[in-house]
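*Asks:* Residue numbers (our numbering): 36 to 289. Dropping a structure here in structure tokens format, bear with me for questions.
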């Protein structure tokens, strides 16, 4: 009898977030699920890892189900490392991260704890997908996403992914979608401002604010897809080498 696929589930919103609870329910229809996720929100942590503090990881029960669950004091990347090194007795067949409350399209992939967990799984040689919904509400409706998440996960299990590539999947806020569009990452960024204040003791502090600016007018980008009610799917690589510049760099007088 064929062994069920082993699926690692994680996120950055915390183990009790509605997004990850939805993702767990979908993955239980596909395989054996082990959850290793932060014990509190870790949004915007990027690929941070814990090196100067102790790490805790405890098995818990959040709701009924056959999955095993562990909450960790660490970052999303820590959770994947702990799962592979300490918790699982074999390498997972798939790692899924999310469903994030809020999109991780365009430049947000750099800052995202959700995507960093998927990338960490990719570094470990595990096929991985990050899922996000363009709705920041804790009570966001994840129900319309389920069938599409299952379809994408099954395709990854059946088709595989190239070494060094993970998928970044973003859903628009909608009840129905036009389809799935394979895209490139839009060229966009955050224009930051800092709200400067002074506390009662006279110490200056700052709140980060800003706005998202999309400079990319292409119709093949994740931002375009989301704006036009498509599910965006971007293949992401974690080799940051600018290969196109190597030949030019070799021509420098070094």
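The C-beta atom is built at its ideal place from N, Cα and C for all residues, glycine as well. Predicted model only: the values in this text are computed from it and were never measured.
Could you check the C-alpha separation between residue 274 and residue 93 for me, to the nearest Å?
*Replies:* 33 Å
*Asks:* Look at residue 203 and residue 250 and say whether their C-beta atoms are less than 7 Å apart.
*Replies:* no
*Asks:* Would you kindly work out how many angstroms separate the C-alpha atoms of residue 36 and residue 70, rounded to a whole number?
*Replies:* Confidence in residue 36 is poor, its pLDDT being 43 and thus under 50, which makes the residue's placement too unreliable to answer from.
*Asks:* Which residue wins for smallest C-alpha separation from residue 58, given the options 163, 131 and 224?
*Replies:* 131
*Asks:* Residues bridged to residue 222 by DSSP?
*Replies:* According to DSSP, residue pairing for residue 222 in a beta bridge does not occur.
*Asks:* Which residues share a DSSP beta bridge with residue 232?
*Replies:* Beta-bridge pairing links residue 232 to 240.
*Asks:* In angstroms, rounded to a whole number, what distance separates the CA positions of residue 98 and residue 107?
*Replies:* 17 Å
*Asks:* What does a CB cutoff of less than 7 Å around residue 261 pick up in its chain, not counting 5 residues either side in sequence?
*Replies:* Closer than 7 Å at Cβ, skipping near neighbours: 138, 140, 169, 205, 207 and 267.
*Asks:* Nearest-angstrom Cα distance between residue 229 and residue 246?
*Replies:* 11 Å
*Asks:* Going by Cα to Cα distance, which pick from 53, 44 and 220 is closest to residue 162?
*Replies:* 44
*Asks:* Please state the DSSP three-state secondary structure of residue 116.
*Replies:* helix
*Asks:* Quick test of the definition: if touching needs 3 or more C-beta pairs under 8 Å, does the segment 281 to 289 touch the segment 212 to 220?
*Replies:* no
*Asks:* Let's test the definition: count the other Cβ atoms within 10 Å of the Cβ of residue 104 and tell me whether it reaches 16, buried, or not, exposed.
*Replies:* buried
*Asks:* In terms of residues, what are the limits of the alpha helix (DSSP H) holding residue 150?
*Replies:* First-last of the alpha helix (DSSP H) with residue 150: 148 to 158.
*Asks:* Restricting to runs no shorter than 3 residues, where is the beta strand (DSSP E) found entirely within the segment 40 to 121?
*Replies:* 41 to 45, 67 to 73, 92 to 95 and 103 to 107
*Asks:* Do the CB positions of residue 80 and residue 133 come within less than 7 Å of each other?
*Replies:* no
*Asks:* Let me make sure I understand the geometry here. Which of 76, 42 and 239 has the alpha-carbon closest to that of residue 50?
*Replies:* 76
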